[in-house]
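Take 3 as the starting number for the sequence shown in my numbering and just add one per residue. The beta carbon of each residue, even a glycine, is placed where N, CA and C say it ideally should be. On a predicted model such as this, the values are computed, not experimentally measured, just so you know. One structure below.
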Amino acid sequence: MPVATFITRLPSSGDGIRLAVKDLIDVAGVPTTAGSRALAATAVAAERDAPCLAGARAAGARIVGKANLDELAFGASGVNAYFGTPVNPLDPGRVPGGSSSGSAVAVAAGEADLAYGSDTGGSIRIPSAFCGVTGLKTTHGRIPLAGVWPLAPSMDTIGPMARDVAGVAAGLALLEPGFSVDVAAAARVGRIRLADVDVDPVIDAAVDAALARCGVQVIEVSLPGWGAARRTSDVIIDAEAAVSNRALLADPARRDLLSPRVRAGLVEAQAVTSAQLLVARAEQERWRDAMAAALRGVDVLALATVPFFPPRLEDAVRHGYLALTSPVNLAGFPALALPVPVSAGQRLPASLQLIGRPGAEALLLATGAAIESAVSGPGQSSAR
Numbered sequence: 003m004p005v006a007t008f009i010t011r012l013p014s015s016g017d018g019i020r021l022a023v024k025d026l027i028d029v030a031g032v033p034t035t036a037g038s039r040a041l042a043a044t045a046v047a048a049e050r051d052a053p054c055l056a057g058a059r060a061a062g063a064r065i066v067g068k069a070n071l072d073e074l075a076f077g078a079s080g081v082n083a084y085f086g087t088p089v090n091p092l093d094p095g096r097v098p099g100g101s102s103s104g105s106a107v108a109v110a111a112g113e114a115d116l117a118y119g120s121d122t123g124g125s126i127r128i129p130s131a132f133c134g135v136t137g138l139k140t141t142h143g144r145i146p147l148a149g150v151w152p153l154a155p156s157m158d159t160i161g162p163m164a165r166d167v168a169g170v171a172a173g174l175a176l177l178e179p180g181f182s183v184d185v186a187a188a189a190r191v192g193r194i195r196l197a198d199v200d201v202d203p204v205i206d207a208a209v210d211a212a213l214a215r216c217g218v219q220v221i222e223v224s225l226p227g228w229g230a231a232r233r234t235s236d237v238i239i240d241a242e243a244a245v246s247n248r249a250l251l252a253d254p255a256r257r258d259l260l261s262p263r264v265r266a267g268l269v270e271a272q273a274v275t276s277a278q279l280l281v282a283r284a285e286q287e288r289w290r291d292a293m294a295a296a297l298r299g300v301d302v303l304a305l306a307t308v309p310f311f312p313p314r315l316e317d318a319v320r321h322g323y324l325a326l327t328s329p330v331n332l333a334g335f336p337a338l339a340l341p342v343p344v345s346a347g348q349r350l351p352a353s354l355q356l357i358g359r360p361g362a363e364a365l366l367l368a369t370g371a372a373i374e375s376a377v378s379g380p381g382q383s384s385a386r
């Protein structure tokens, strides 16, 4: 299978920040493929940039390429059957995570200073966790989605990925000119533990150790309904993905160009009924209220980003990638994923996820920076 971090590399000159753009975001003069042969076969050059690129263009950023991804962003392993799978710089034998695989790899491998990805169920946070970088899922609706190939518009978000929190903050300032981290770090962190998600104990211990080292007040928070929210998010993503890609499914020639996994997934997604979607929408509203209630006594919530370390490539097809991320998308809240060190002898870093109220990106970044500073001291083991 071919290997590719970028679907399209672009010539760059000048001294501006090097930016990788996930190839479902329009870049003027370049076709948008969404990592799919079915789209690439007929794609033409975009007439204009997606509006989310305006800040980067104004700041003189150099777009170094359109980054690879899971086909149509409909996956979480980072494996792409047609364009190839970006190599995880931490371990070439393991998946890079997806769907923003190329974006995470470009940053982790030093091919870009900053990358833009999309996150519908965890697609920024999962590859950030697996590649040892930092990624921000923004509040739903904060960054415009015009000029972005949709997966599930009611849950789709655009966000930045970089090697550290400062890079992510700079990236959000390009996505939203005028943004700044102008608040203090959180003083009270709500620690979520989920009985129905089997988190690797090494990862869980790394999250606890990072919070302890930072010195914040940690309060155990109960958040019942997480598993149900995970299933509800699946229903909504499937229903909206079937609509977003119905033209591909309706055209036999293009349908046949979809990978078997994605084609089967989209066909199955078409089976979601309007009644099922109506129930899911009601559950979504209740879940937003539950998430808001969990945050009333704390500043942010904390848990692992992914419950396991990146699987080996031969084990890429498995359940659970989105177990700790998609409920956040269902609520529309922002979340930050950042690497934290693990115990001695472990080669791969863990990833801590911080969740905030809608619009609380500055607080997440300030808190992430405090944790990052605390865990970078002597005696810490990290693959970064």
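(message) So, at 6 angstroms on beta carbons, what are the nonlocal neighbours of L196 in its own chain, with the 5 sequence-adjacent residues on each side left out?
(response) W228
(message) In the DSSP output, what is M157 paired with across the bridge?
(response) M157 is not bridged to any residue.
(request) Tell me, please, whether the region 72-84 touches the region 291-302 by the rule of three or more beta-carbon pairs shorter than 8 angstroms. (result) no
(message) If I measure Cβ to Cβ from V97 and keep anything under 7 angstroms in the same chain, skipping five residues before and after, which residues do I get?
(response) S79, G80, V81, N90, F132, P312, P313, L315, A318
(request) Report yes or no: do the region 332-346 and the region 284-298 share at least 3 C-beta pairs separated by less than 8 angstroms? (result) yes
(request) Within 10 angstroms of the Cβ of S383, are there 16 or more other Cβ atoms? Answer buried if so, exposed if not. (result) Unreliable placement is indicated for S383, whose pLDDT of 41 sits below 50; no coordinate value is reported for it.
(message) Let me check understanding here. Comparing Cα to Cα, which of I194, G134, I160 lies closest to P146?
(response) I160
(request) Let me know the secondary structure DSSP gives T7 once reduced to three states. (result) DSSP places T7 outside both helix and strand once states are collapsed to three, so it counts as coil.
(request) Tell me G100's beta-bridge partners as DSSP assigns them. (result) Answer is none; G100 lacks a bridge partner.
(request) Say yes only if the C-beta of L279 is nearer than 6 angstroms to one or more non-hydrogen atoms of the ligand COA, and no if none qualify. (result) This structure lacks the ligand COA; in fact it carries no ligand of any kind.
(message) Helix, strand or coil for T369? Go by DSSP, reduced to three states.
(response) helix
(request) Pick helix, strand or coil for A385, following the three-state DSSP scheme. (result) Reliability of the predicted coordinates at A385 is poor, the pLDDT of 39 falling under 50, and no value is obtained from them.
(request) May I have the straight-line CA-CA distance separating P129 from Q219, to the nearest angstrom? (result) 29 angstroms
(request) Give the range of the beta strand (DSSP E) segment to which S120 is assigned. (result) 116-120
(request) State the Cα-Cα distance for the pair D25 and I9, rounded to the nearest angstrom. (result) Rounded to the nearest angstrom, the two C-alpha atoms are 7 angstroms apart.
(message) Our contact map puts G173 next to P162 with C-beta atoms below 8 angstroms; I'd like the distance itself, whole angstroms only.
(response) 3 angstroms
(request) Going by DSSP, name the residue or residues bridged to P351. (result) The partner list for P351 (beta bridge, DSSP) is empty, contrary to what the question assumes.
(request) Examine the Cβ distances between the region 64-76 and the region 182-190 and report whether three or more of them are shorter than 8 angstroms. (result) no
(request) From the DSSP output, read off the bridge partner residues of E222. (result) R193
(message) Check this for me: beta carbons of A339 and R127, under 7 angstroms apart or not?
(response) yes
(message) In the DSSP assignment, the alpha helix (DSSP H) including R127 goes from what residue to what residue?
(response) 127-133
(request) Determine the extent of the beta strand (DSSP E) in which L251 is found, giving its start and end residues. (result) Element bounds for L251: not the beta strand (DSSP E) but the alpha helix (DSSP H), 248-252.
(message) Among V170, Y323, V150, whose alpha-carbon lies nearest the alpha-carbon of A48?
(response) V150
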